[in-house]
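Visitor: My questions will all concern the structure given below.
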């Protein structure tokens, strides 16, 4: 009997169920003696042996269903070696559950922190295969993560909807897109939605350059402007500060709900334009997966099943040049795939007149 553990960890996204379906259907088609154990609420389920024995029917009808049928939770990697409130050794507890259930392999669907924990469990001797989940598309070693394109579609739609009201009132609108450390989602949505200014964590902005771009548009007869701003966008001044200095600055200064509101306030202060802020927030994680993500999820799931069949463990399934491959977990863990300010996509965006607040 092949017993395969499966869990979804970290923030949810639209194609988690589709990916689990891809893994499960492939395994059921390859083996007559496979049993899938679903751990509830991510690594927490593995720690506390909170699981369910899945049936083949559990994976039917979920290709188009957002969220995760197993539930998820955030278990910070930096706290994995810290005992819980009852003194439980989390790592040993996860290993104990794995061995008690006599699992052949553990399948992990998750983003950066989840991949770090997956690698740690692999180094602890467990058979692990992981899949690249995140709306941020910031996992090193893969060109694309499932959930990203669906989130791009939601964020793009938010920008699209803003166009008509911005044009009607002749205002400056800021749409704040998810992405604390990496700006792929904002970059893609900003380009697709026709944003005039795109601000990313990787390209610290100068508020005066942002205001100059807005003024230039106004003088050219443009009634409105739209900024796509990543929630992790940072000014040049703040980018030069240490974490401690930034913390002190926030304590002593005006407290804004988010970076978009801070930028909006500064724009109004510098050029007097009327600014409105829209924050789609967790809508970007919700709803049905788009067709691209359904295809990608199915391909990645099938590839994970193939690795399990071949007993190739310690890998994350990945996409390279539209081919499905695998990358050692040890190479993925702890590495971010950030937007290169000199990449062709940024240069092409600047060619069509989009400002990134840097020049």
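Residue numbers (UniProt numbering): 1 to 359.
Glycine included, every Cβ here is placed at the ideal spot set by N, Cα and C.
Computed from a predicted structure; not experimentally measured.
Around the C-beta of residue 248, are 16 or more other C-beta atoms found within 10 angstroms, so that it is buried, or is it exposed?
Guide: exposed
Visitor: Can you tell me the Cα-Cα spacing of residue 327 and residue 158, whole angstroms?
Guide: Residue 327 and residue 158 have their C-alpha atoms some 34 Å from each other.
Visitor: In three-state terms, what does DSSP make of residue 361?
Guide: Missing from the structure shown is residue 361; the chain here goes from 1 to 359 and no further.
Visitor: Residue 88: buried (16+ other C-beta within 10 angstroms of its C-beta) or exposed?
Guide: exposed
Visitor: What residue does the alpha helix (DSSP H) around residue 19 start on, and which one ends it?
Guide: 16 to 30
Visitor: Round the Cβ separation of residue 182 and residue 338 to the nearest angstrom and send it over; I've been treating them as touching at under 8 Å.
Guide: Right, their Cβ atoms sit about 5 Å apart.
Visitor: Kindly list the residues whose CB is nearer than 7 Å to the CB of residue 276, restricted to its own chain and excluding five residues on each side of it in sequence; keep chain order.
Guide: 171 and 173
Visitor: Contact defined as beta carbons within less than 8 Å: I believe residue 76 pairs with residue 113. What is the distance between those atoms, to the nearest angstrom?
Guide: Contact between residue 76 and residue 113 holds: their C-beta atoms lie close to 6 Å from each other, under 8 Å.
Visitor: Under the DSSP definition of a beta bridge, which residues are partnered with residue 174?
Guide: 227 and 277
Visitor: Take the Cβ of residue 345 as the centre, count every other Cβ of all protein chains shown within 10 Å, and call the residue buried at 16 or more, exposed below.
Guide: exposed
Visitor: Any chance the region 211 to 221 sits against the region 184 to 195, with 3 or more Cβ pairs inside 8 Å?
Guide: no
Visitor: Under DSSP, the beta strand (DSSP E) around residue 284 begins and ends at which residues?
Guide: Counted as a single uninterrupted DSSP element, the stretch harbouring residue 284 is not any beta strand (DSSP E), since DSSP gives it neither H nor E.
Visitor: For the region 61 to 123, which segments carrying the beta strand (DSSP E) assignment without a break, of at least 3 residues, lie completely within its bounds, in sequence order?
Guide: 105 to 110
Visitor: Please work out which residues of its chain come closer than 7 Å, Cβ to Cβ, to residue 145, disregarding the five sequence neighbours upstream and downstream, and give them in chain order.
Guide: 132, 133, 134, 137 and 139
Visitor: Roughly how many angstroms lie between the CA atoms of residue 313 and residue 147, to the nearest whole one?
Guide: 24 Å
Visitor: Use the C-beta contact count for residue 294: other C-beta atoms within 10 angstroms, 16 or more gives buried, fewer gives exposed.
Guide: buried
Visitor: Output needed for residue 361: all residues of its chain with C-beta closer than 7 Å, excluding positions within five of it in sequence on either side, in chain order.
Guide: Because residue 361 is not part of the residues shown, which for the chain are 1 to 359, the question remains open.
Visitor: What does residue 2 pair with, by DSSP beta-bridge criteria?
Guide: 34
Visitor: Does the contact criterion of 3 or more C-beta pairs under 8 Å hold for the region 89 to 97 versus the region 63 to 70?
Guide: As far as the Cβ criterion goes, the region 89 to 97 does not touch the region 63 to 70, which means the pair count is below three.
Visitor: Decide if residue 347 is buried, meaning its Cβ has at least 16 other Cβ atoms within 10 Å, or exposed.
Guide: exposed
Visitor: Beta carbon of residue 261, beta carbon of residue 129: below 8 Å?
Guide: no
Visitor: Could you compute how far the alpha carbon of residue 197 sits from the alpha carbon of residue 343?
Guide: When rounded, the separation of the alpha-carbon atoms in residue 197 and residue 343 is 17 Å.
Visitor: Mind checking which residues open and close the alpha helix (DSSP H) that includes residue 149?
Guide: It spans 148 to 169 - the alpha helix (DSSP H) in which residue 149 sits, taken as one unbroken run.
Visitor: Within 10 Å of its beta-carbon, does residue 336 have 16 or more other beta-carbons around it, so buried, or fewer, so exposed?
Guide: exposed
Visitor: Pull up the DSSP beta-bridge partners for residue 133, would you.
Guide: BP columns for residue 133 point to 146.
Visitor: Could you check if residue 233 is buried or exposed, using at least 16 other CB atoms within 10 Å of its CB as the buried criterion?
Guide: Label assigned to residue 233: buried.
Visitor: Please identify the residue among 223, 28, 210 and 29 whose C-alpha is closest to the C-alpha of residue 270.
Guide: 210
Visitor: If you reduce the DSSP assignment to three classes, tell me which class residue 139 lands in.
Guide: strand
Visitor: Leaving out five residues before and five after residue 373 in sequence, what residues of the same chain have Cβ atoms less than 8 Å from its Cβ?
Guide: The requested residue 373 is not part of the displayed model; the chain covers only 1 to 359.
Visitor: How many Å lie between residue 78 and residue 118 at the Cα?
Guide: 13 Å
Visitor: Measure the beta-carbon distance from residue 39 to residue 70 and round it to whole angstroms, keeping in mind my assumption that it falls under 8 Å.
Guide: Indeed they touch by this definition, with Cβ atoms about 7 Å apart.
Visitor: When burial is assigned at 16 or more other CB atoms within 10 Å of the CB, is residue 257 buried or exposed?
Guide: exposed
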